[in-house]
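Reviewing the structure listed below.
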Amino acid sequence: MPSDQDQLAALYLSERDRLQRQINRRVGCPAAACDLVQDIFMRLWERMPLRCCGDPAYLTRCARNAAVDHLRAENTRRSFVDGLLPDQYAAAPATPQDILQARQGLTGVDAALAALPERTRHVFLLNRIHGRTFAEIAAVMEISERMVAKHMARAMAACQSCLAAG
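Residue numbers for the sequence shown follow UniProt numbering, beginning at 1 and rising by one.
Pasting the structure below:
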């Protein structure tokens, strides 16, 4: 008496081509049809021992369901990709010219910050680099929040003029 594995192997060899043709008619892709037939028989393998699995009607229903599931998944993927906006795609890699311009801009900003009075530079760095609020900076430096705002305005104007010139 043949084992369940032998029965499944024989069933696979006898039904594979028919199921692939059936699925290919629905999905329109021979490679996907081949993969789906493999999936069907893997599920049957996992559910051993075989019971009604040898019935051609059962296999036809499995193939139809696999094709429908595949088409649903493809439609979901397609609608997701179609819904993406161009700005949601990954940014293009920077060209050497972009990198050079960015470095020059940073060098200019560094020079502009170095030219600032020490207190103004310190306020700017505390806010923009360390993420401190105006109130926190005012408390640490023992100045008013209004003075912090003035220092930030000076620093921002220096950075903007540096970037505009470069």
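We treat Cβ as the ideally placed atom computed from N, Cα and C, and that holds for glycine.
Going by C-alpha to C-alpha distance, which of the options sits closest to residue i?
{"i": "aspartate 110", "options": "Ala138, Phe124 and Ala91", "result": "Phe124"}
{"i": "proline 56", "options": "Ala92, Asp98, Arg18 and Asp6", "result": "Arg18"}
{"i": "alanine 145", "options": "Asn127, Met156, Ala158 and Ala157", "result": "In the sequence as displayed, the identity of residue 145 is glutamate instead of alanine. When each option's Cα is compared against that of glutamate 145, the closest is Asn127."}
{"i": "aspartate 69", "options": "Ile143, Met48 and Asp39", "result": "Asp39"}
{"i": "arginine 119", "options": "Ile143, Leu106 and Ala102", "result": "Ile143"}
{"i": "glutamate 74", "options": "Cys29, Pro117 and Ala165", "result": "Cys29"}
{"i": "serine 161", "options": "Ala92, Ala115 and Val140", "result": "Ala115"}
{"i": "leucine 163", "options": "Thr107, Pro2 and Asp82", "result": "Thr107"}
{"i": "alanine 155", "options": "Ala112, Val81, Gln7 and Ala94", "result": "Ala112"}
{"i": "alanine 157", "options": "Ala102, Arg121, Asp82 and Asp98", "result": "Arg121"}
For residue i, does the three-state DSSP call read helix, strand or coil?
{"i": "arginine 132", "result": "coil"}
{"i": "glycine 83", "result": "helix"}
{"i": "serine 3", "result": "coil"}
{"i": "leucine 13", "result": "helix"}
{"i": "aspartate 55", "result": "coil"}
{"i": "glycine 108", "result": "helix"}
{"i": "alanine 91", "result": "coil"}
{"i": "glutamate 74", "result": "helix"}
{"i": "glutamate 142", "result": "coil"}
{"i": "leucine 8", "result": "helix"}
{"i": "leucine 163", "result": "helix"}
{"i": "methionine 156", "result": "helix"}
{"i": "proline 117", "result": "coil"}
{"i": "residue 170", "result": "Outside the modelled stretch of the chain, which goes from 1 to 166, sits residue 170, for which no answer is possible."}
For residue i, which residues from the same chain have a beta carbon less than 6 Å from its beta carbon, with the 5 sequence-adjacent residues on both sides left out?
{"i": "isoleucine 23", "result": "Ala33, Leu36, Ala63 and Ala67"}
{"i": "methionine 48", "result": "Asp4"}
{"i": "arginine 26", "result": "Ala67"}
I'd like the list of long-range same chain contacts for residue i, defined as Cβ closer than 7 Å, with 5 residues on each side in sequence excluded.
{"i": "methionine 152", "result": "Val123, Phe124 and Asn127"}
{"i": "valine 148", "result": "Val123, Phe134, Ile137 and Ala138"}
{"i": "arginine 132", "result": "Leu126"}
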